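In order, the protein sequences belong to chains A and B. Residue 267 in the working numbering sits at position 181 of the first sequence; the count goes up by one each step and never skips. Residue 533 in the working numbering sits at position 186 of the second sequence; the count goes up by one each step and never skips. All C-beta atoms, glycine included, are put in the ideal place defined by N, C-alpha and C. Model, not experiment: these values are computed from the prediction.
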Amino acid sequence: MRSTISERPLLQARGISKAFGVVRVLDEVDFDLRAGEVHSLLGENGAGKSTLLKIFGGVHRADQGEMLYRGEPATVDHPQKARELGIALIHQEPLTFPDLDVAENIFLGHGTTWKSRFIPIKWKDRYREARRLLDELGVRLDPRARVHGLSTADQQMVEMAGALSQNARILLMDEPTASLTPEETRELFRIVQRLREQGTAIVFISHRLEEVFSLSDRITVLRDGKFVATRRKEETSIEEVIRMMVGRPLGKFYEREEAIPGKTLLKVESLGRGRRFSGVSFEVRAGEIVGMAGLVGAGRTDVASAIFGIRPADTGKIEIRGEAVRIDNPAQAIRLKLAYVPEDRQHHGLVLPFSVAGNVTMASLRRLFPRGWLRPPRERELAEDYRTRLSINLRDTSQPVWELSGGNQQKVVLSKWLITEPEILILDEPTRGIDVGAKQEVHHLMGELCRQGKAVLMISSDLPEVLALSDRILVMREGRLTGHFRREEATAENVMAAATGQPLPGEKGTPVSSG
Amino acid sequence: MSEKGTLIEVEASRGRSVAATVLRFRELGIAFFVLLIVAVATLKEPRFIDAANLRNILLYIPLILIVAMGQMMVIVSRNIDLSVGSTLAFSAIVIGYLFVNQPDFPIWLAAVLAVLIGAVLGAVNGALVAWVGIPAIIVTLGTMSVYRGMVFIYSGGRQVSGADLPEDLIDLARTSPVFGIPWILILALIVVILAYLFLRYTETGREIYAIGSNPRAAELRGIPVKLNLFLVFTICGALAGLAGILFASRFGYVNPANTGVNFELIVISAAIIGGANVFGGSGTVLGTVFGCLLIGVIHNALSVLGISGFWQTAIYGLAIILAVALDAVLQRRLGKRKEGADLL
């Protein structure tokens with residue numbers, strides 16, 4: 087145990103709850119933080135880690151629960167308030183001012199008072215002070231350099247220097263390493279260690295378990311917005327932590343009959359684009375569902391949008407029904423009988439103010455109305471047809487889609503693609519944010535599509551869903567395929583391990599060599 | 348990475364550095380255009396560089412300069428003010444009628460009043476943008492009409508002619524305290540210097556850049572975003588108000604249907620040509636001064652060369668689009684992207 091860690095908590099949160107709309111993101115979470123410790127928050131996507139951090143940082147306000155700062159009740163309802171308590175939040179994407187220089191980014195808005203507004207800025211002092219803070223962090227950055235054009239790592243350093251300038255006692259870091267190179271990560275860790283030794287308390291979020299274990303003193307696991315456990319690093323193991331993260335009862339899932347896959351409909355070989363993903367190869371056959379698991383930001387959506395021509399890949403090749411093709415835009419993809427149900431249905435899947443009828447025909451207008459004139463009766467007829475087939479709950483097909491619930495909206499998106507008569511469907515988080523009933527119906531529909539001989543690639547962050555529905559499971563991590571499991575060999579633990587980069591001893595599964 | 352990759356990167360960085368140089372020496376580029384226009388105009392019409400004509404140019408530019416300083420600040424904060432021409436006109440007409448009714452009213456007090464009138468009109472814009480949350484382009488498009496309407500209502504559509512304006516006011520554009528530099532130009536230079544000091548040396552000035560550069564980050568930093576936006580619009584209005592009384596001095600009349608019409612276009616062109624970025628966060632006093640110089644010279648060259656006034660509006664519009672297009676190309680070269688530019 088480190089001697090610098092004090093036993094009395096610096097910050098204590100009790101029974102924190104928070105909901106966005108009807109979605110409960112945090113449910114009675116307890117957390118405590120001591121001076122001189124690195125306390126990591128772990129959990130799957132959507133477990134509520136970032137929300138908790140933002141509540142500590144004054145960005146969000148908790149619906150329930152209380153916070154104690156040095157044992158005294160504290161209200162942190164504004165970022166300014168958090169700053170006054172010495173709490174600094176470093177966001178995953180640095181919140182910097184690209185047009186201003188490094189020194190200004192460090193100091194601006196910090197410690198401004200009504201009086202200081204009337205005193206001319208002493209630029210020399212400001213640059214000298216910035217230099218000193220950057221030296222303290224051991225960062226080689228020119229205080230006069232414009233922030234625009236600096237790497238993410240450097241921008242984080244600028245934010246850290248800003249935190250130092252206000253003598254922050256608590257540093258909240260939301261996935262700071264997500265877009266850093268290994269070199270930059272080591273540099274960051276060196277600085278975090280130094281701050282800890284000086285008695286700063288650090289809350290750290292990362293999906294990379296090895297990082298978490300190398301850096302943390304204590305680890306708290308959240309699952310589905312609920313507190314699971316807090317452990318000293320020495321008292322736990324990567325295996326145990328993964329079990330705590332995924333240890334959710336599987337619940338009742340639609341049972342699919344064993345699929346008999348047909349010929350390969352979609353095949354990609356060493357697909358890559360820039361630094362987002364590379365060397366991605368897999369195939370999807372007629373009549374099977376291939377699940378794609380991984381953490382947010384692992385590059386799954388990037389792969390999907392490359393296949394669908396939204397942001398074409400710059401290396402590798404795509405074969406559709408055995409023929410090599412080039413897909414430069416979604417129109418070509420649709421002609422090749424591909425469909426893509428995007429992750430963000432409200433922004434990319436639907437035109438919210440348009441009617442249900444207008445939305446469902448949107449991807450097939452050319453085919454339905456070859457002469458270029460829309461016929462609203464025909465649109466309504468089609469919409470009625472799909473309303474019955476997918477049991478979409480709506481008042482009227484001329485109703486704007488924004489009036490529908492999430493589940494029904496998703497069914498409208500699915501209808502839109504079914505009308506194009508696709509053979510290959512890419513479903514990106516098809517059941518995120520929809521209720522249990524609708525979720526089951528979507529699962530049934532996927533099974534039905536497979537029976538009809540369609541190929542389905544399902545991206546999902548819902549592990550139980552992936553495990554229950556997929557014939558095969560691909561796992562992506564940091565832009566590469568890191569796992570490929572057959573249905574019978576996949577478990578929550580080994581899929582999670584592949585997604586976080588943890589080889590689990592004694593587990594089966596085919597690690598895919600990255601290269 | 349393959350060799351091909353690195354080659355492309357080297358090429359790209361070379362392209363970037365050329366673009367960066369062009370951006371950095373923007374003022375030189377503008378100066379080049381100013382000289383080019385002067386040269387062409389003089390060749391065609393030697394009267395262009397007469398003392399009398401140079402004086403004309405020097406008397407028009409201060410009006411643009413004063414309002415462009417305010418407009419530039421507004422643009423830096425990621426907003427725009429289309430109402431400056433009408434604000435200028437309202438201040439001019441109120442002051443004009445003030446002199447009609449009280450010929451002995453002190454000039455300096457009239458100037459203070461003009462600034463206050465402009466500040467109030469600007470504050471209305473600022474309040475609507477900052478606290479009601481209406482986009483600046485809509486607010487100021489609306490108040491552009493409202494304020495112009497107020498000009499007509501106040502004046503009953505009648506113009507204030509030179510005979511009604513006190514000699515002392517007209518003298519601001521004719522007489523000089525030092526070196527033959529007219530009062531009106533000296534006032535403009537004072538405004539320019541104050542604007543520079545404000546934007547460079549005060550926390551509030553720097554916050555205006557921060558707000559335009561990344562509004563969300565500014566909010567999270569605890570910068571008083573709304574108060575600053577209100578202030579910026581108020582300053583812009585106040586400067587337009589000051590320009591109103593100087594307009595009356597320079598032209599010797601105030602006409603409800605003419606005064607300040609299209610003035611927003613002129614000052615926005617000047618600010619943007621001078622390097623103010625319509626996406627906020629950048630813009631300099633020096634650049635804006637050069638922008639005003641160019642616009643002023645163009646304005647004068649067109650009339651000296653006998654090109655119809657009808658062309659002028661079209662040419663300012665063209666100048667804005669060219670300046671922004673040039674910037675867009677250069678920025679793309681630099682690989683700069685503002686947030687929200689990505690689709691997915």
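Should Asp-260/A go down as buried or exposed, given a rule of 16 or more other Cβ atoms within 10 Å for buried?
buried
Give, in chain order, every residue of the segment 544-556 of chain B whose Cβ lies closer than 9 angstroms to some Cβ of chain A.
Leu-544, Arg-547, Tyr-548, Thr-549, Glu-550, Thr-551, Gly-552, Arg-553, Glu-554, Tyr-556
How about the segment 466-484 of chain A and the segment 404-418 of chain A: do they share at least three Cβ pairs that are nearer than 8 angstroms?
Not touching, per the Cβ criterion.
Looking at chain A, which residues of the segment 411-427 of chain B have a Cβ within less than 8 angstroms of any of its Cβ atoms?
none
Within 10 angstroms of the Cβ of Ile-668/B, are there 16 or more other Cβ atoms? Answer buried if so, exposed if not.
exposed
Can you name, in chain order, every residue of its own chain whose Cβ lies under 7 angstroms from the Cβ of Thr-387/A, other than the five neighbours on each side?
Glu-429, Asp-514, Ile-545
Using a C-beta cutoff of 7 angstroms, does Gln-166/A count as contacting chain B?
Yes, Gln-166/A lies at the interface with chain B (some Cβ there is under 7 angstroms from its Cβ).
Taking the C-alpha atoms as reference points, what is the distance between Glu-686/B and Leu-250/A?
Caution applies to Glu-686/B, whose pLDDT of 36 falls short of 50 and renders its modelled position unreliable; the value that the coordinates give is listed next. Roughly 27 angstroms between the two C-alpha positions.
Looking at the unbroken alpha helix (DSSP H) that takes in Ser-391/A, where does it start and where does it end?
That run of the alpha helix (DSSP H) goes 386-393.
Using 10 angstroms around the beta-carbon of Asp-185/A, count the other beta-carbons present and answer buried if the total reaches 16, otherwise exposed.
buried
Does the beta-carbon distance from Leu-412/B to Ala-535/B come in below 7 angstroms?
yes
Within a Cβ cutoff of 6 angstroms, which residues of the same chain sit near Asp-689/B, ignoring the five residues on either side of it in sequence?
With a pLDDT of 33 at Asp-689/B, under the threshold of 50, the predicted position of this residue should be treated as unreliable, though the coordinate-derived value follows. Once the five neighbours on either side are set aside, Asp-689/B has no close Cβ partner at all.
Using three-state DSSP, classify Phe-455/A as helix, strand or coil.
coil
Which two residues bound the contiguous alpha helix (DSSP H) that contains Leu-641/B?
Counting along the chain, Leu-641/B sits inside the alpha helix (DSSP H) bounded by residues 632-651.
Measuring only the C-alpha atoms, how far is Pro-513/B from Ala-461/B?
16 angstroms
Quick one: does Ile-207/A have its CB under 7 angstroms from some CB of chain B?
yes
What in chain A is Cβ-close to Arg-505/B, meaning under 7 angstroms?
Those do not exist, as Arg-505/B stays about 44 angstroms from chain A at its closest Cβ, beyond 7 angstroms.
Here's a check: name, in chain order, each residue in its chain whose Cβ is nearer than 6 angstroms to the Cβ of Thr-434/B, leaving out the five neighbours to either side.
Gly-465, Leu-468, Tyr-494, Gly-584, Ala-587
Using 7 angstroms as the limit for Cβ to Cβ distance, is Gly-195/A near chain B?
yes
Around the C-beta of Lys-540/A, are 16 or more other C-beta atoms found within 10 angstroms, so that it is buried, or is it exposed?
buried
Of the residues Glu-550/B, Ala-595/B, Thr-487/B, Leu-445/B, which one's Cα is nearest the Cα of Gly-509/B?
Ala-595/B
Going by C-alpha to C-alpha distance, which of Gly-664/B, Tyr-600/B, Ser-424/B sits closest to Ala-623/B?
Among Gly-664/B, Tyr-600/B, Ser-424/B, the Cα nearest to that of Ala-623/B belongs to Ser-424/B.
Could you give the first and the last residue of the continuous beta strand (DSSP E) run that contains Leu-445/B?
No beta strand (DSSP E) holds Leu-445/B; the alpha helix (DSSP H) holding it covers 431-448.
I think Ala-388/B touches Val-651/B, with their Cβ atoms under 8 angstroms apart; what is that distance to the nearest whole Å?
Rounded to whole angstroms, the Cβ separation of Ala-388/B and Val-651/B is 6 angstroms, and the two are in contact under 8 angstroms.
Mind pulling the alpha helix (DSSP H) runs of 4 or more residues that sit fully within the segment 543-585 of chain B?
As for any alpha helix (DSSP H) of minimum length 4 sitting wholly inside the segment 543-585 of chain B, the runs are 550-560, 562-567, ordered along the chain.
Within the same chain, show all residues whose beta-carbon is closer than 8 angstroms to that of Pro-206/A, passing over the 5 residues directly before and after it, in chain order.
Excluding sequence neighbours, Pro-206/A sits near nothing in its chain.
In whole angstroms, give me the CA-to-CA distance for Asn-605/B and Phe-598/B.
11 angstroms
For the segment 533-586 of chain A, which segments carrying the beta strand (DSSP E) assignment without a break, of at least 3 residues, lie completely within its bounds, in sequence order?
541-545, 558-563, 566-572
Determine the direct distance from the alpha carbon of Arg-359/A to that of Asp-400/A, and round the result to whole angstroms.
5 angstroms
Apart from the five residues on each side of it in sequence, which residues of its chain come closer than 6 angstroms, Cβ to Cβ, to Ala-189/A?
Arg-212, Tyr-213, Ala-216, Pro-229
To the nearest angstrom, report how far apart Leu-421/B and Leu-429/B are at their CA atoms.
The sequence given here has Val at residue 421/B, not Leu. Answer to the nearest angstrom: the Cα atoms are 10 angstroms apart.
Could you run through the segment 132-149 of chain A and flag, in chain order, every residue whose CB is less than 8 angstroms away from some CB of chain B?
If the cut-off is 8 angstroms between Cβ atoms, the segment 132-149 of chain A has Val-145 near chain B.
In its own chain, which residues sit with a C-beta less than 6 angstroms from the C-beta of Ala-670/B, not counting the 5 before and 5 after it?
Ile-619, Ile-620
Residues of the segment 168-198 of chain A with a CB closer than 7 angstroms to any CB of chain B: list them in chain order, please.
Arg-169, Leu-181, Thr-182, Phe-183, Pro-184, Asp-185, Leu-186, Glu-190, Leu-194, Gly-195, Thr-198
Give the interface partners of Ile-570/B over in chain A, defined as CB-CB distance under 9 angstroms, in chain order.
Leu-194, Gly-195, Thr-198
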